[in-house]
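In my numbering, the protein residues as written are 186 to 581.
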């Protein structure tokens with residue numbers, strides 16, 4: 186199934202001039218649960234996407250990681266193929282990453298005991314990924330670490346800051362501070378609990394130093410955290426957690442001065458806003474997250490720094506629903522967002538969990554869960570567009 190659209194007159198090859206959008210489903214709509222997609226571009230120009238698929242999520246043993254490939258210059262995706270399956274456990278939240286050396290990584294989680302809090306963080310690596318079907322994996326491992334005592338200290342400081350900010354908290358915030366605060370602070374001291382349950386969702390970031398940051402989150406602690414590698418992925422260690430009002434799934438942008446900015450999902454619908462945190466030390470420590478002006482219906486968000494310095498933010502612009510997906514564009518590193526446009530809008534549908542990369546041709550590539558209101562079924566959708574398409578705005 187293919188949807189192709191070029192807005193305004195002019196050559197579609199002039200990606201930097203005329204607004205451009207093309208989009209397509211990766212596979213025909215189906216009744217199975219397909220979700221949490223990811224995409225990477227290979228050095229030869231091919232795209233590889235992945236998602237999880239099955240009868241449910243953490244409670245469904247048939248959930249596996251599946252993938253598909255779109256050859257450079259072609260318009261259609263290959264038939265789906267299996268990418269990862271941990272026997273007798275659900276596999277969820279894949280993240281594909283093409284490292285600076287041209288090696289393809291797959292990060293994902295396997296979920297024991299039907300509990301997100303027990304998730305195992307897994308990875309595979311491949312140098313042979315251009316053939317038909319799945320990549321040939323040459324390495325597989327687990328990422329295991331202990332966030333240490335600074336995890337306990339950051340947790341306490343985070344809740345202290347929330348109490349300072351909200352001396353008379355609204356009802357849901359009051360309940361969170363009263364119910365979850367003491368539990369989280371107690372469990373932060375538990376060595377076994379804080380060593381597991383760290384989950385993937387958003388795109389890794391490679392810093393100019395070569396440091397790799399893998400954004401992680403915990404549904405037990407409701408914190409974000411960076412897995413940090415300073416040796417090209419040979420080893421990983423944790424940074425200090427991102428704390429705040431029930432946050433998870435951090436997505437990263439980087440300012441010209443080196444400041445990292447994380448945009449985060451707000452989990453417990455306390456503020457119903459996208460949250461924002463900053464790091465001045467390459468992801469080691471983070472400010473206590475604050476709400477932005479953007480609504481959030483307890484759904485994943487994604488931000489992308491373009492090579493020209495502009496930022497793109499993908500999010501659901503509702504406090505309660507996921508039936509519209511918006512792209513916003515900033516030319517001042519997130520201080521303002523002057524342009525926005527709906528990528529999807531269908532009352533009763535569900536379009537969510539965006540994942541973005543910038544292609545070699547400069548286009549923004551977005552993949553996301555696609556479940557329209559007509560009941561035709563679920564798929565993963567890919568869209569390629571230029572910033573000018575966002576700047577052109579909606580017709581209404």
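All residues carry an ideal CB built from backbone N, CA and C; glycine is no exception.
| Asked | Found |
| --- | --- |
| Residue 163 (DSSP reduced to helix, strand or coil) | Nothing can be reported for residue 163, as the shown portion of the chain is limited to 186 through 581. |
| Cβ-Cβ separation, residue 480 to residue 502 (assumed contact under 8 Å), whole Å | 6 Å |
| The stretch 347-361 contacting the stretch 444-460, beta-carbon criterion three pairs below 8 Å | yes |
| Boundaries of the beta strand (DSSP E) in which residue 265 is found, first to last residue | Counting along the chain, residue 265 falls outside any beta strand (DSSP E), and DSSP gives it neither H nor E. |
| Alpha carbon of residue 321 to alpha carbon of residue 512, nearest angstrom | 35 Å |
| Short Cβ contact (8 Å threshold) for residue 210 with residue 555 | yes |
| Presumed contact (8 Å Cβ cut-off) between residue 432 and residue 390, rounded CB distance | Residue 432 to residue 390, Cβ: 18 Å. No contact. |
| Exposure label - residue 276; buried when at least 16 CB within 10 Å | buried |
| C-alpha distance - residue 212 paired with residue 565, whole-angstrom precision | 7 Å |
| Separation of residue 531 from residue 514, as counted between CA atoms | 22 Å |
| DSSP-derived helix/strand/coil call for residue 424 | coil |
| Separation of residue 382 from residue 298, as counted between CA atoms | 12 Å |
| Three-state secondary structure assigned by DSSP to residue 507 | coil |
| Residue ranges of each alpha helix (DSSP H) within the stretch 276-350, 4 or longer | 334-350 |
| Start-to-end residues for the alpha helix (DSSP H) that takes in residue 377 | 376-379 |
| Counted within 10 angstroms of its Cβ, other Cβ atoms place residue 568 as buried (16 or more) or exposed | buried |
| Three-state secondary structure assigned by DSSP to residue 199 | No answer about residue 199 holds up, because its pLDDT of 41 lies below 50 and its placement is not dependable. |
| Cross-strand partners of residue 486 (DSSP beta bridge) | Per DSSP, none; premise fails for residue 486. |
| DSSP three-state assignment for residue 212, whether helix, strand or coil | coil |
| Helix, strand or coil at residue 441 according to DSSP, with G and I counted as helix | coil |
| Unbroken alpha helix (DSSP H) run spanning residue 360, endpoints | 356-373 |
| Best match in 560, 557, 542 for proximity to residue 138 [C-alpha to C-alpha] | With the chain covering only 186 through 581, there is no way to say anything about residue 138. |
| Rounded C-alpha distance that separates residue 410 from residue 464 | 11 Å |
| Residue 187 versus residue 506 - alpha carbon distance | The predicted position of residue 187 is uncertain, since its pLDDT is 35 and thus under 50; no value can be drawn from it. |
| Rounded C-alpha distance that separates residue 374 from residue 406 | 11 Å |
| Identified DSSP bridge partners for residue 402 | 384, 409 |
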